[in-house]
Amino acid sequence: MNTLLLRTGWLSFLFLAFSKLTGQVFVNDAGAREKHFVYEVKQIDEFFERFNNDSNSFIRREYESYHIKFNLSREQLIKSLFNYESHSWDSTLINAFVASAVNINKPLLLDFYGDGWFAEADCKFEYNAAVIEIPIILRIEADASKRAKWVVAAIKPNAIKQEATVVPVADNGGKQKFINPASHANSFIELARAFEDKAHLSDYFDQSFFKRTNSIGFYNALLKGQIRFITVKDVKYHYLQVGSWIFTVENFQRKALNSGWLISHLKSATPSEKNLFIKTLLEE
Amino acid sequence: MTLFRRLLLFTSVFLCSTAIYCQDKIYLQNSIIQGKITEITPTELKYLPLEKSGTALMLPLSKALILVNGRGMVLVPAKEDPGNPSMKDLVAGFLSPDSNHIAKDQLFTMPRNKVEGTITKEDKYAIYLSDGTKVDKKSLVALIYSNGQSMIYGPTDQAAVLLGSFQEEAVRAHASAAPPVSAAATPADISSAPTPVTAGPPAADTTLVAQKAAADSAQALTFATLAKGVSKKEFEEKAEKKTTQFTEYLKILCDKTAGFEELNKAIAQTLTLFVNENAIIETSSNNRNNVSSLKIRDYLLKVKKLQYDKIEIEWTHVQYVSDLKPGPDGNFYGVVSFEQVFRGYRDGKLVYSDITRKNATVVLKTYQKSIEGSTTSVWDVLLSDVGVISTKAL
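Protein sequences appear in the order of chains A and B.
Using this note's numbering, the letters of the first sequence correspond one by one to residues 1 to 284.
Using this note's numbering, the letters of the second sequence correspond one by one to residues 1001 to 1394.
So this is what it looks like as structure tokens:
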């Protein structure tokens, strides 16, 4: 990719971010593909690094590799993380969000290992000879050394018959199996192995899972082989980590440069509204 | 020699040595700039170069991996957060002419360690301190002398990761310490909490420092602490090498001229690239909407049976490698995103082509290896699940 192409990309990037342009900028040649690859938010990890304006971010390093000064402000980077192609935004809301995020006295930063963010994986299962969809809520569980894993935190309402026969295994600290902390990047492909691992099934679940609505029937059905995991259809992430905001991030695969993991919903929320959101999400 | 000339010579030598001792060093990826750093902004660094004193030059801060001032203070700009009050203090202390020299020589080694003392002897293999400590040069990453001179051993970016982790530790220590009361400028090396030049930050800001430090500490723990010195660059190179090897073996499997033994060997060699045979490979096609999943061995057997005479797999040269994340098992997990152009030929004609975005999970394992009687910590990167993100027609 040449320098001009990258500069053009940046212009498009800014234009997309600020003018809400609906543009098809992708053409089938190697340079255009590479440009698209550079600007797309490819993994949720890249969403984190752009939101936090990490000094070692991929996009910074790409600019450096082409000897182009990286002079994007954090404000510009955050604004570029919104889905402009298929959503109309209230600019006042976005501006208020960005202003609070970049507040020099109290900047808002996302922490992968922190609480307050959740993955919602819309999974397909085979149940009673039919394919059903069950959204599964996962969260990152990290110890003091940042050794992390994904755990299944809750199950959304589903068609599985609830049977109160499960004997939840108490967490005695002896959990051996886990969903690796990078599993999200492959749409939790690892759930296929986890849900087949009946001997260690409870290892993959959050300790509080068994106290939540919809949990017992689902767990029993998995344990008894009454449901079979097929695949993860979609994943989205809910963030309640920063300030008085709740936002959702989804993956937009399209030819435009404004693509990949982008904010699809944003709202300001009081602490009690946040608590209610979490309770609803986790079916408590 | 006249007295005047002797005096002149003495003065020149003195000035020269003073100049050398007082020079700041800017370590770039492959070079070092000596001079006097005069200003550090969130994006740039201004300095007076040694060879062109009087001419102020500017450098993008992102180019400067490690800064060492003439008093032996170290600053890793990549770990700098301009909004962080503790970092502001650290930068101010770094630039302040009133700061003292560091008290002792400092040796930074792998696995992550810092040794302080007075160097009494140095030979080809080791550095000896006055307290009897011997530091093997093979483990040495950075050496900061108390007179302000410094040496970086090995790749600069790797040293920056290590030094950055100590810097973050210092910032965290500062953030969690009681509100400072001193307004005096005192030496602030990277191993101790920097004393602010101005009054200490208010309590609210201290909390923020801790919040940011918590976010940053994840990276520090990932590469410098827990991975015992594996730099992100090394990890990326190894991860990319493994994914490339995987592709090369796939080409052999599709080569219709390859013999039975060669094909089986290719399968066996491919399996060694993976963490185990439970790794899942997703496949897609332009001709169907869904994505299929197969365990690695089954996938390879399927590839072997593909009805192409020849395949071409072309990579876009850009890849995105996520940060490594430590798992509960002590291994590290990351994901490489890349695009592949696939072309399948039959009877010399192109019969199928697509471009697929893939995400390959990679696992960094560290383990002990015995080499010639001594145990060494080594690491390797292995492939795990490979997912398909999207498939488009060419």
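Backbone N, C-alpha and C define an ideal beta-carbon position, used for all residues, glycine too.
Quiz item: Taking 8 Å as the CB-CB limit, is Ser88 of chain A close to chain B?
Solution: Locating residue 88 of chain A in the first sequence gives position 88, counting from the first residue. No - not a single Cβ of chain B is within 8 Å of the one on Ser88 of chain A.
Quiz item: Ends of the alpha helix (DSSP H) at Thr1270 of chain B?
Solution: Within the second sequence, numbered from 1, the residue matching residue 1270 of chain B stands at position 270. Thr1270 of chain B: member of the alpha helix (DSSP H) spanning Phe1260 to Thr1272, first to last residue.
Quiz item: Does the count of Cβ pairs from the region 1294-1305 of chain B and the region 31-39 of chain A closer than 8 Å reach three?
Solution: no
Quiz item: For Glu1248 of chain B, does the count of other Cβ atoms within 10 angstroms reach 16, so buried, or fall short, so exposed?
Solution: Working through the second sequence from its first residue, we reach residue 1248 of chain B at position 248. So Glu1248 of chain B ends up on the exposed side.
Quiz item: If you draw a straight line from the C-alpha of Ile1371 of chain B to the C-alpha of Ser1377 of chain B, how long is it?
Solution: As a working note, residue 1371 of chain B is residue 371 in the second sequence. As a working note, residue 1377 of chain B is residue 377 in the second sequence. About 10 Å.
Quiz item: What does a CB cutoff of less than 7 Å around Lys124 of chain A pick up in its chain, not counting 5 residues either side in sequence?
Solution: Counted from its first residue, the first sequence places residue 124 of chain A at position 124. Cβ within range, chain order: Val131, Glu133, Ile230, Thr231 and Lys233.
Exercise. Output the boundary residues of the alpha helix (DSSP H) element that contains Leu138 of chain A.
Key: Residue numbering aside, residue 138 of chain A sits at position 138 when the first sequence is read from its first letter. No alpha helix (DSSP H) holds Leu138 of chain A; the beta strand (DSSP E) holding it covers Ala130 to Ala142.
Quiz item: How would you write the range of the alpha helix (DSSP H) that Ser1324 of chain B sits in, first residue to last?
Solution: Taking the second sequence and counting its residues from 1, the one referred to as residue 1324 of chain B is at position 324. The amino acid occupying residue 1324 of chain B in the given sequence is Leu; Ser does not appear at that position. Segment: none, Leu1324 of chain B is in no alpha helix (DSSP H) and carries neither H nor E.
Self-check item: N-terminal and C-terminal residue of the beta strand (DSSP E) that Gly1387 of chain B is part of
Solution: In the second sequence, residue 1387 of chain B corresponds to position 387, counting from 1. First-last of the beta strand (DSSP E) with Gly1387 of chain B: Ser1374 to Ala1393.
Exercise. Determine whether the Cβ of Val1318 of chain B lies closer than 8 Å to any Cβ atom of chain A.
Key: Translated into the one-based positions of the second sequence, residue 1318 of chain B becomes position 318. It does: the Cβ of Val1318 of chain B has a partner Cβ on chain A nearer than 8 Å.
Self-check item: Min CB distance Ser187 of chain A to chain B below 8 Å
Solution: Within the first sequence, residue 187 of chain A is the residue found at index 187, counting from 1. It does: the Cβ of Ser187 of chain A has a partner Cβ on chain B nearer than 8 Å.
Quiz item: Is the beta carbon of Leu1364 of chain B less than 8 Å from the beta carbon of Phe1332 of chain B?
Solution: To locate residue 1364 of chain B, count along the second sequence from 1; it is residue 364. To locate residue 1332 of chain B, count along the second sequence from 1; it is residue 332. Yes; because the gap between Cβ atoms is below 8 Å, this pair is in contact.
Quiz item: Three or more beta-carbon pairs under 8 Å between the region 132-151 of chain A and the region 87-106 of chain A, yes or no?
Solution: no
Self-check item: Buried versus exposed call for Gln1158 of chain B [16 or more other C-beta atoms within 10 Å across all chains shown]
Solution: Sequence index remark: in the second sequence, residue 1158 of chain B carries index 158 (1-based). Classification for Gln1158 of chain B: buried.
Quiz item: Is Lys1242 of chain B close to chain A, meaning its C-beta is less than 8 Å from at least one C-beta of that chain?
Solution: Position 242 of the second sequence, counting from 1, holds the residue named residue 1242 of chain B. No, its Cβ sits nowhere closer than 8 Å to a Cβ of chain A.
Quiz item: What is the residue span of the alpha helix (DSSP H) that Asp45 of chain A lies within?
Solution: Within the first sequence, numbered from 1, the residue matching residue 45 of chain A stands at position 45. Segment Ile44 to Phe51, the alpha helix (DSSP H) holding Asp45 of chain A.
Practice problem: Note the first and the last residue of the continuous beta strand (DSSP E) segment covering Tyr63 of chain A. | Solution: Your numbering for residue 63 of chain A matches position 63 in the first sequence. That residue, Tyr63 of chain A, is in no beta strand (DSSP E); its alpha helix (DSSP H) goes Phe58 to Ser65.
Quiz item: Just curious, the beta strand (DSSP E) that Asn1290 of chain B is in, first and last residue?
Solution: Your numbering for residue 1290 of chain B matches position 290 in the second sequence. Asn1290 of chain B -> beta strand (DSSP E) spans Arg1288 to Lys1295.
Practice problem: Within 10 angstroms of the Cβ of Phe1108 of chain B, are there 16 or more other Cβ atoms? Answer buried if so, exposed if not. | Solution: One-based indexing of the second sequence puts residue 1108 of chain B at position 108. Counting other Cβ atoms within 10 Å of its Cβ, Phe1108 of chain B reaches 16 or more and is therefore classed as buried.
Self-check item: Unbroken alpha helix (DSSP H) run spanning Tyr84 of chain A, endpoints
Solution: Translated into the one-based positions of the first sequence, residue 84 of chain A becomes position 84. Here Tyr84 of chain A belongs to no alpha helix (DSSP H), and DSSP marks it neither H nor E.
Quiz item: Excluding sequence positions up to five away, which residues of its chain have a Cβ less than 6 Å from the Cβ of Ala192 of chain A?
Solution: The residue labelled residue 192 of chain A in the question sits at position 192 within the first sequence. So the qualifying residues of the chain are Phe229.
Quiz item: Which residues of chain A have a Cβ atom closer than 7 Å to the Cβ of Thr1257 of chain B, listed in chain order?
Solution: As a first step, residue 1257 of chain B must be located in the second sequence, where it is residue number 257. Against chain A, the beta carbon of Thr1257 of chain B has no neighbour under 7 Å; the closest one sits roughly 29 Å away.
Quiz item: Is there a Cβ from chain A that is less than 8 Å from the Cβ of Thr1198 of chain B?
Solution: Taking the first residue of the second sequence as position 1, residue 1198 of chain B is located at position 198. Only weak support is given to the placement of Thr1198 of chain B: the predicted model assigns it a pLDDT of 26, under 50, and the value that follows is read from those uncertain coordinates. No, because no Cβ of chain A sits closer than 8 Å to the Cβ of Thr1198 of chain B.
Practice problem: Would you give the residue range spanned by the beta strand (DSSP E) that His290 of chain A belongs to? | Solution: Outside the shown range of chain A, which is 1 to 284, sits residue 290 of chain A, and nothing can be said about it.
Quiz item: Can you find a C-beta in chain A that's less than 8 Å from the C-beta of Val1335 of chain B?
Solution: As a working mapping, residue 1335 of chain B is identified with position 335 in the second sequence. So yes, Val1335 of chain B belongs to the interface.
Quiz item: Are the C-beta atoms of Asp271 of chain A and some chain B residue less than 8 Å apart?
Solution: The residue labelled residue 271 of chain A in the question sits at position 271 within the first sequence. Looking at the sequence provided, one finds Pro at residue 271 of chain A rather than Asp. Contact with chain B is absent for Pro271 of chain A, since none of that chain's Cβ atoms lies less than 8 Å from the residue's Cβ.
Exercise. Kindly list, in the order they appear in chain A, the residues whose Cβ is closer than 8 Å to that of Ile1119 of chain B.
Key: Here residue 1119 of chain B refers to the residue found at position 119 when the second sequence is read from its first residue. Residues of chain A passing the Cβ test: none, with the nearest at roughly 32 Å.
Practice problem: Might you give, ordered along the chain, the residues of its own chain that have their beta carbon closer than 7 Å to the beta carbon of Leu1394 of chain B, omitting 5 neighbours on each side? | Solution: On the second sequence, position 394 is the one that residue 1394 of chain B refers to. Correct list, in chain order: Val1341, Ser1353, Asp1354 and Ile1355.
Quiz item: Leu110 of chain A: which of A:Pro271, A:Ile216, A:Phe70 and A:Tyr237 sits nearest, CA to CA?
Solution: One-based indexing of the first sequence puts residue 110 of chain A at position 110. Answer by Cα proximity: A:Tyr237.
Quiz item: Within this structure, are the beta carbons of Ser1146 of chain B and Gly1093 of chain B separated by less than 8 Å?
Solution: Your numbering for residue 1146 of chain B matches position 146 in the second sequence. Your numbering for residue 1093 of chain B matches position 93 in the second sequence. Contact flag unset, no.
Practice problem: From the DSSP output, read off the bridge partner residues of Ala1360 of chain B. | Solution: Residue mapping note: residue 1360 of chain B aligns to position 360 of the second sequence, counting from 1. Beta-bridge pairing links Ala1360 of chain B to B:Val1336 and B:Val1386.
Exercise. Following the continuous alpha helix (DSSP H) through Gly1148 of chain B, name the residue where it begins and the one where it ends.
Key: By 1-based counting over the second sequence, the position of residue 1148 of chain B is 148. Where Gly1148 of chain B is concerned, there is no enclosing alpha helix (DSSP H), given that its DSSP letter is neither H nor E.
Quiz item: What is the DSSP secondary structure of Ser1370 of chain B, counted as helix, strand or coil?
Solution: By 1-based counting over the second sequence, the position of residue 1370 of chain B is 370. Ser1370 of chain B: strand per DSSP, three-state reduction.
Quiz item: Within the chosen definition, does the region 193-208 of chain A reach the region 1286-1293 of chain B through at least 3 CB pairs nearer than 8 Å?
Solution: no
Quiz item: In whole angstroms, what is the alpha-carbon distance linking Ala1188 of chain B and Leu1045 of chain B?
Solution: If you number the second sequence from 1, residue 1188 of chain B lands on position 188. If you number the second sequence from 1, residue 1045 of chain B lands on position 45. Low confidence applies here, because Ala1188 of chain B scores a pLDDT of 27, under 50, leaving its location unreliable and the question unanswered by this model.
Quiz item: Mind listing which residues of the region 1271-1282 of chain B have their C-beta closer than 8 Å to chain A's C-betas, in chain order?
Solution: Listed in sequence order: Asn1278, Ile1280 and Glu1282.
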